[in-house]
């Protein structure tokens, strides 16, 4: 518990010689709210908004490590949790583009020892969360390491009939599924004969210039709690200002669903690489959002493309992913029609980011 927290706060509203591609007052309103949350101790992390390749707003505040008084910077790395699914999807799409994988092939084509009940499930269905497979990640926490093919085979052999059974017919019902992205990582590794972490490095990190991004390695022995500790990596915190506790994590990594660690600078590089077609070409980018799966029964929420969420704040098109649990909240969103992006990285598990969507969209619309 930390009752006295020195809050380091730096703020910059970028003003170039030429007018910004969004009204300064709209950006200032966004910055003012972030500043207030920083001052009140409700936010700690980095926020960056870029429009047409230029930095329009930056905020860095709080502590990456409270005990050692390490201030937050744009180079601080974070556990990005489910934003990793965007990275996994890009890796899979790059492999589809070069012919190593096919979106409409059954998962059993690549993972021969997967349960026969899953033979109608394709890679596309895993990417858009319509596979019907149960989300087995957390129930099987003690039983496997997803970076080890032999362990995955052991997992399949240990599944009960109820765990093997599909919860819905393939391709019909949308149900958010972390385990589906573990299967995608395993399929990619088996199809190429290359460990998935190496594939992500080759297909995404290296071509994008994400110099500090990495895949978190699981410890050899899973199933116990360990603190987050690594040079340059922000420590995660839960609770509110004055009653914060340092996050601890299971010594287990969801390789395809939540293992990436990255900085704001890495996401700036990723955005530029996507705009320039350095990771996948236009056809694959279109395929990722071509036929989104909407929420069931008219419920509110994002539609899902292939590894990305698709939303429309104020009528704009916003494509990205959120992530977070246990000490970290992350949010990477791109507005392709406006050539804009936002990245939020926080080491507070209580951070909220959705309020920014309408504000950013309003600024972009006003700039048209």
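In my numbering, the protein residues as written are 1 to 368.
Where is the CB? At the ideal position from N, CA and C, for every residue including glycine.
Under the three-state reduction of DSSP, which class applies to residue 268: helix, strand or coil?
-> Here residue 268 refers to the residue found at position 268 when the chain shown is read from its first residue. Note: residue 268 maps to helix in three-state DSSP.
Pull up the distance between the alpha-carbon of residue 15 and that of residue 89, whole angstroms please.
-> What you label residue 15 is simply residue 15 of the chain shown in a count that begins at 1. What you label residue 89 is simply residue 89 of the chain shown in a count that begins at 1. Residue placement at residue 15 cannot be trusted, given a pLDDT of 34 that sits under 50; the coordinates are not used to answer.
Identify the continuous alpha helix (DSSP H) that holds residue 180 and give its terminal residues.
-> The count along the chain shown starts at 1 and reaches residue 180 at position 180. Run containing residue 180: 178-192, per the alpha helix (DSSP H) assignment.
Return helix, strand or coil for residue 342, following the three-state DSSP convention.
-> Reading the chain shown from its first residue, position 342 is the one you call residue 342. Correct three-state label for residue 342: strand.
In the DSSP assignment, find the beta strand (DSSP E) that holds residue 63 and state where it starts and stops.
-> Locating residue 63 in the chain shown gives position 63, where the first residue counts as 1. Its beta strand (DSSP E) spans residues 63-65.
Nearest to residue 127 by alpha carbon, out of 304, 120, 368, 363?
-> Position 127 of the chain shown, counting from 1, holds the residue named residue 127. Cα-wise, what sits closest to residue 127 is 304.
Please name the residue in 130, 114, 282, 215 whose C-alpha comes closest to that of residue 384.
-> The chain is shown only over 1 to 368; residue 384 falls outside these bounds and no answer can be derived.
Of the choices 259, 247, 320, whose alpha-carbon is the least far from that of residue 349?
-> If you number the chain shown from 1, residue 349 lands on position 349. Taking only the C-alpha atoms, the option nearest residue 349 is 247.
Quick one: which unbroken beta strand (DSSP E) runs of 3-plus residues sit fully inside the segment 35-116? Chain order, please.
-> List check, beta strand (DSSP E) in window: 45-51, 54-61, 63-65, 77-79.
From residue 153 to residue 179, what does the alpha carbon distance come to, in whole angstroms?
-> As a working mapping, residue 153 is identified with position 153 in the chain shown. As a working mapping, residue 179 is identified with position 179 in the chain shown. If you take the alpha carbons of residue 153 and residue 179, they lie about 14 Å apart.
Residue 135 - containing beta strand (DSSP E), residue span = As a working note, residue 135 is residue 135 in the chain shown. Unbroken run through residue 135: none, as it is neither H nor E.
Separation of residue 288 from residue 111, as counted between CA atoms | Taking the chain shown and counting its residues from 1, the one referred to as residue 111 is at position 111. Taking the chain shown and counting its residues from 1, the one referred to as residue 288 is at position 288. So the alpha carbons of these two residues sit roughly 23 Å apart.
Kindly list the residues whose CB is nearer than 6 Å to the CB of residue 64, restricted to its own chain and excluding five residues on each side of it in sequence; keep chain order.
-> Here residue 64 corresponds to residue number 64 of the chain shown, with the count starting at 1. Sequence-distant partners of residue 64 (beyond 5 residues in either direction) whose C-beta falls short of 6 Å from its own C-beta, in its chain, are 70, 72, 76, 234.
With a CB to CB cut of under 8 Å and the five nearest residues on each side skipped, what residues in its chain are close to residue 29?
-> The residue you call residue 29 lines up with position 29 of the chain shown. Excluding sequence positions up to five before and after residue 29, its CB lies within less than 8 Å of the CB of 359, all in the same chain and listed in chain order.
When DSSP labels each residue in this structure, what does residue 334 get in the three-state scheme?
-> In the chain shown, residue 334 corresponds to position 334, counting from 1. Note: residue 334 maps to strand in three-state DSSP.
Would you tell me roughly how many angstroms separate the C-alpha atoms of residue 67 and residue 27, rounded to the nearest one?
-> The residue labelled residue 67 in the question sits at position 67 within the chain shown. The residue labelled residue 27 in the question sits at position 27 within the chain shown. Annotation: residue 67 to residue 27 spans about 33 Å, alpha carbon to alpha carbon.
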